[in-house]
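Shown next, in structure tokens, is the structure this report addresses.
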Amino acid sequence: MSSRHHIDDFMRGRIIGKIEEGRKITDVSREFDIAHSVVSRLWKSFKTTGMCRRRHGGGRVRRTTPAEDRYIVLSVKRNRSTTAQEVANQFLTASGKQISRKTVARRLRGGGLYARRPVVCVSLTRQHCTARLQWCREHHNWTEQDWACVLFSDESRFNLSSDCRRQLIWRESGTASRPENIQEKDRYPTCSIMVWVGIMINGRTRLHVVANGTMTGQRYIDEVLLPHVRLFRGAVGDKFVFMDDNATCHRTLAVQDCLDSEGIQRLVWPARSPDLNPIENVWDDLGRQVAGRNYLPTNKNTLIRALTEEWDKLTQQLLDNVVQNICAKHGDKSISDYIGLKKYPHALWKPSDQPAPLQFSLGIVKEKWQKWRQELENYLLTTEKDDRTDKIQMAILLNLLGSEGLEICNTFKLELKANFSEVLQKSEEYCSPRRNVVYERYKFFSCVQLEDQALETYVTQLKILASTCEFAEQENGLI
1 MSSRHHIDDF MRGRIIGKIE EGRKITDVSR EFDIAHSVVS RLWKSFKTTG
51 MCRRRHGGGR VRRTTPAEDR YIVLSVKRNR STTAQEVANQ FLTASGKQIS
101 RKTVARRLRG GGLYARRPVV CVSLTRQHCT ARLQWCREHH NWTEQDWACV
151 LFSDESRFNL SSDCRRQLIW RESGTASRPE NIQEKDRYPT CSIMVWVGIM
201 INGRTRLHVV ANGTMTGQRY IDEVLLPHVR LFRGAVGDKF VFMDDNATCH
251 RTLAVQDCLD SEGIQRLVWP ARSPDLNPIE NVWDDLGRQV AGRNYLPTNK
301 NTLIRALTEE WDKLTQQLLD NVVQNICAKH GDKSISDYIG LKKYPHALWK
351 PSDQPAPLQF SLGIVKEKWQ KWRQELENYL LTTEKDDRTD KIQMAILLNL
401 LGSEGLEICN TFKLELKANF SEVLQKSEEY CSPRRNVVYE RYKFFSCVQL
451 EDQALETYVT QLKILASTCE FAEQENGLI
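Structure, rendered in structure tokens:
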């Protein structure tokens with residue numbers, strides 16, 4: 001199908017001018033090399049409307065209204081892992097309109113939502129957050145010279161086949177099944193090895209391979225502490241500090257006795273804090289170097305050789321930057337401030353950051369409440385007010401709730417107002433009910449009295465709808 005070309009306004013004016021001069025339509029069409037029918041329609045349009053400009057069409061009518069567009073966006077914000085087809089099915093049930101998943105995707109893009117892989121992090125409980133915060137406070141005043149005496153250590157496992165999906169290929173459309181575009185991968189790793197290393201400013205250990213089984217407490221002493229860590233203790237002196245994680249093999253009594261006998265001071269490490277260890281970045285660089293070799297490892301021996309060679313090729317400056325740049329890139333911030341906030345910003349909170357007053361928006365009451373409650377818990381934790389008396393916590397809660405939050409609390413029983421935890425629980429039940437209250441309230445406010453409907457019947461219908469709207473004591477007044 002050939003593309004359609006529109007005549008510009010200047011050419012339209014010239015054609016109309018020629019015809020007004022008395023020229024025939026046939027002569028004008030031949031002079032401008034334009035079809036006779038086009039010139040004829042242009043002249044008829046000019047005589048009817050008095051205008052020669054092309055009238056722009058409004059385009060195809062949108063399938064959804066602006067309110068329905070917001071409903072689609074809010075549906076995804078309530079459950080961010082839902083698919084576009086599931087949203088389309090939910091929209092069909094709610095509105096009776098059938099839309100495609102591509103329409104859903106366009107509406108979501110219009111609302112600023114795009115399909116992306118989620119960031120994966122370690123699950124943290126309140127105890128983990130407290131321990132991490134306490135650790136950062138204890139090491140807040142450490143300087144670069146203090147961290148230069150710390151030997152950071154860790155184990156990692158490498159496989160022959162990479163388990164990440166970062167590698168991409170260039171291919172033509174419709175050629176996914178061609179042999180050159182297929183990457184073979186075993187369902188279960190055929191070969192994997194565990195290695196241990198330690199790094200510090202101006203120093204590093206040799207790469208040690210944990211062969212024939214898993215690491216135990218005795219193997220940790222014989223293969224790591226005595227041949228590697230003890231040498232660094234003697235070189236650095238009394239200021240030497242050894243860092244290892246809380247793995248079971250690292251926390252046996254035999255390991256602790258060995259460290260005490262050798263005079264090795266251990267750095268207390270909070271649980272579930274891999275992001276605090278700078279060596280995690282080194283593992284990523286090492287894996288990239290091995291994956292970028294011209295000849296990839298094919299068996300266990302070649303994998304060990306590749307890891308050893310690439311570990312030796314890593315410059316000491318790169319290892320130093322892993323620790324030094326933490327301070328250099330963040331100005332006055334100490335290393336503990338940076339590594340505590342680097343990957344888990346939800347785990348720590350500035351003491352001065354009070355949560356904003358609770359404000360609800362239509363359709364996202366549950367999301368607003370969950371976010372505000374998390375901010376409140378972080379605020380109480382970082383300001384060390386989480387262990388205060390119930391009366392003090394209630395005063396803080398009422399001060400931070402805001403006018404809308406106080407209106408909600410006024411609907412609760414009076415005897416519950418003196419109990420901080422029960423008020424939070426009642427607020428949770430109000431803002432996060434089991435049913436879709438947003439949709440139920442939408443049906444309630446959309447219900448209008450028909451012309452031939454009796455008033456009593458209409459009120460009964462409203463009461464039925466209000467019973468699922470969680471209006472609390474405001475129900476009768478709204479009806």
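In this text, residue positions in the sequence shown follow full-length UniProt numbering: the first is 1, and each later residue adds one. Note that the Cβ used here is the ideal one computed from N, Cα and C, for glycine as well. The structure displayed is predicted, hence computed values, not measured ones.
inquiry  = Helix, strand or coil, according to DSSP, for residue 320 in the structure here?
reply    = In the sequence shown, the residue the question calls residue 320 occupies position 320. Helix.
Spatial neighbours of residue 53 in its chain, beta-carbon cut-off 8 angstroms, leaving aside the 5 residues before and after = As a first step, residue 53 is located in the sequence shown; it is residue number 53 there, counting from the start. Cβ within range, chain order: 9 and 12.
task = For residue 180, collect the residues of the same chain with a Cβ closer than 6 angstroms to its Cβ; drop the 5 residues on either side in sequence, then sort them by chain order.
result = On the sequence shown, position 180 is the one that residue 180 refers to. Once the five neighbours on either side are set aside, residue 180 has no close Cβ partner at all.
query = Between 244, 251 and 264, which lies nearest to residue 480 when the distance is taken from Cα to Cα?
reply = Past the boundaries of the shown model lies residue 480; the chain is included only from 1 to 479, so the question cannot be answered.
ask   = Using the C-alpha atoms, what's the distance from residue 274 back to residue 134?
value = Here residue 134 refers to the residue found at position 134 of the sequence shown. Here residue 274 refers to the residue found at position 274 of the sequence shown. Taking the straight line from one Cα to the other gives about 16 angstroms.
Residue 304 and residue 193 closer than 8 angstroms at C-beta = Numbered from 1 along the sequence shown, position 304 holds the residue referred to as residue 304. Numbered from 1 along the sequence shown, position 193 holds the residue referred to as residue 193. Yes, the pair counts as a contact, with Cβ atoms nearer than the cut-off.
request  = Specify, as a first and last residue, the run of the beta strand (DSSP E) that residue 199 falls within.
outcome  = Position 199 of the sequence shown holds residue 199. Unbroken beta strand (DSSP E) run through residue 199: 192-200.
task = With a 10 Å radius around its C-beta and 16 neighbouring C-beta atoms as the bar for buried, classify residue 51 as buried or exposed.
result = Counting from 1 along the sequence shown, the entry for residue 51 is found at position 51. Looking at its Cβ environment, which holds fewer than 16 other Cβ atoms inside 10 Å, residue 51 is exposed.
Cβ contact check for the region 210-220 and the region 240-255: 3 or more pairs under 8 angstroms = yes
ask   = What's the call for residue 22, buried or exposed, on a 16-neighbour Cβ count within 10 Å?
value = Stepping through the sequence shown from its first residue, residue 22 is reached at position 22. By the neighbour-count rule (16 or more Cβ atoms within 10 Å), residue 22 is not buried but exposed.
inquiry  = By DSSP's criteria, residue 171 is part of a beta bridge. Which residues make up the other side?
reply    = If you number the sequence shown from 1, residue 171 lands on position 171. Bridge partners of residue 171: none, in fact.
inquiry  = Checking the sheet assignment: what are the DSSP bridge partners for residue 292?
reply    = Here residue 292 is taken as the residue at index 292 of the sequence shown, counted from 1. Note: residue 292 sits in no beta bridge, so no partner.
ask   = Is it a yes or a no for the region 70-79 touching the region 97-114, going by three-plus beta-carbon pairs under 8 angstroms?
value = With a cut-off of 8 angstroms, the region 97-114 and the region 70-79 count as touching, because enough Cβ pairs lie within range.
key: First through last residue of the alpha helix (DSSP H) which encompasses residue 39   = In the sequence shown, counting from the first residue as 1, residue 39 sits at position 39. Where residue 39 is concerned, the enclosing alpha helix (DSSP H) stretches over 36-49.
ask   = Quick one: is residue 154 buried, meaning 16 or more other Cβ sit within 10 Å of its Cβ, or exposed?
value = Working through the sequence shown from its first residue, we reach residue 154 at position 154. By the 10 Å Cβ count, residue 154 comes out buried.
ask   = In three-state DSSP terms, what is residue 265?
value = Here residue 265 is taken as the residue at index 265 of the sequence shown, counted from 1. In the structure shown, residue 265 sits in a strand (DSSP, three-state: E or B).
query = Apart from the five residues on each side of it in sequence, which residues of its chain come closer than 8 angstroms, Cβ to Cβ, to residue 428?
reply = As a position in the sequence shown, residue 428 is number 428, starting the count at 1. Excluding positions up to five away in sequence, the list reads 369 and 373.
query = Apart from the five residues on each side of it in sequence, which residues of its chain come closer than 7 angstroms, Cβ to Cβ, to residue 328?
reply = Here residue 328 corresponds to residue number 328 of the sequence shown, with the count starting at 1. Note that residue 328 scores a pLDDT of 46, beneath 50, so its modelled location is shaky; the value from the coordinates is reported in the next line. Contacts found: none.
ask   = Measuring CB to CB, does residue 197 end up less than 8 angstroms from residue 311?
value = Reading the sequence shown from its first residue, position 197 is the one you call residue 197. Reading the sequence shown from its first residue, position 311 is the one you call residue 311. A contact, by the Cβ cut-off of 8 angstroms.
task = Indicate whether residue 99 and residue 152 have their beta-carbon atoms separated by less than 8 angstroms.
result = By one-based count along the sequence shown, residue 99 stands at place 99. By one-based count along the sequence shown, residue 152 stands at place 152. No. Outside cutoff.
ask   = What residues in its chain sit with their C-beta under 6 angstroms from that of residue 232, if we drop five residues either side in the sequence?
value = Within the sequence shown, the letter at position 232 stands for residue 232. Within the same chain, residue 232 has close Cβ partners 151.
request  = Taking only the alpha-carbon atoms, compute the straight-line gap between residue 431 and residue 183 and give it to the nearest angstrom.
outcome  = The residue labelled residue 431 in the question sits at position 431 within the sequence shown. The residue labelled residue 183 in the question sits at position 183 within the sequence shown. Residue 431 and residue 183: Cα-Cα distance of roughly 48 angstroms.
query = What are the boundary residues of the alpha helix (DSSP H) that includes residue 310?
reply = Position 310 of the sequence shown, counted from the start, is the residue given in the question as residue 310. That run of the alpha helix (DSSP H) goes 300-313.
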